[in-house]
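Input: a single structure, listed below in structure tokens.
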Amino acid sequence: MKKNILLFDKTHAYKSFFRKNFIDILNFVDYNKFDDFNDINFDDYDAVIFILNEEKELIDLMWAYTKVKKLYLSTKFNKINKRMRDMDNIILLDLNKNKNEILKDIRFFMNLNEPIIKLKKLVTV
Numbered sequence: 110m111k112k113n114i115l116l117f118d119k120t121h122a123y124k125s126f127f128r129k130n131f132i133d134i135l136n137f138v139d140y141n142k143f144d145d146f147n148d149i150n151f152d153d154y155d156a157v158i159f160i161l162n163e164e165k166e167l168i169d170l171m172w173a174y175t176k177v178k179k180l181y182l183s184t185k186f187n188k189i190n191k192r193m194r195d196m197d198n199i200i201l202l203d204l205n206k207n208k209n210e211i212l213k214d215i216r217f218f219m220n221l222n223e224p225i226i227k228l229k230k231l232v233t234v
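The sequence shown begins at 110 in my numbering and counts up by one.
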């Protein structure tokens, strides 16, 4: 059974990357209506990936953090990374790594044992 993942990314830069590489094992729902979170039932999702592109999105991040079971965060802001590192239920994803390292990290953090069909060179953990 596929895990349902809610993806917050205003720039949509990672949407196709995640969908393409995890199509067989994760179901990504792209969410971009940041002005209204009230229509989200967070219980329907196994995890949330939040790509923080601008510091002003920090308010949206904190609101989502209060509602989710597990939050995966990626941001280019080192100051925010340092402060979020010790928070419960937040896992930091470094999207500056190469593609295979990112995929290995996501597989590890989400406890995925299924092989990724799209990447034949990726060694299963």
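C-beta: ideal position from N, C-alpha, C; glycine also.
Sequence-distant residues of its chain with Cβ nearer than 6 Å to residue i (five each side left out)
| i | result |
| --- | --- |
| Ser183 | Ile160, Leu202, Leu204 |
Beta-carbon separation (whole angstroms), residue i vs residue j, contact threshold 8 Å
| i | j | result |
| --- | --- | --- |
| Asn198 | Lys176 | Not really, about 11 Å apart at Cβ, beyond 8 Å. |
| Phe218 | Tyr181 | 7 Å |
Close Cβ partners of residue i (< 8 Å) along its chain, the five nearest in sequence each way excluded
| i | result |
| --- | --- |
| Lys124 | Leu116, Asp118, Phe137, Asp139 |
| Lys206 | Asp214 |
| Ile200 | Lys179, Leu180, Tyr181, Leu182, Phe218 |
| Lys191 | none |
Which listed residue (the options) has its alpha carbon closest to that of residue i
| i | options | result |
| --- | --- | --- |
| Leu167 | Met193, Asn150, Met110 | Met193 |
| Asn147 | Asp133, Leu135, Trp172, Ile132 | Trp172 |
| Phe236 | Glu163, Ile215, Glu164 | The question about residue 236 has no answer, for the chain in this structure spans 110 to 234. |
Proximal residues to residue i (C-beta, below 7 Å), its chain only, five neighbours per side dropped
| i | result |
| --- | --- |
| Arg164 | Looking at the sequence provided, one finds Glu at residue 164 rather than Arg. Same-chain partners within the cutoff: Phe186. |
List, from N- to C-terminal side, the alpha helix (DSSP H) runs of 4 residues or more that fit wholly inside the region 133-189. 167-174
Sufficient close CB pairs (3 or more, under 8 Å) joining the region 151-163 to the region 111-126: yes
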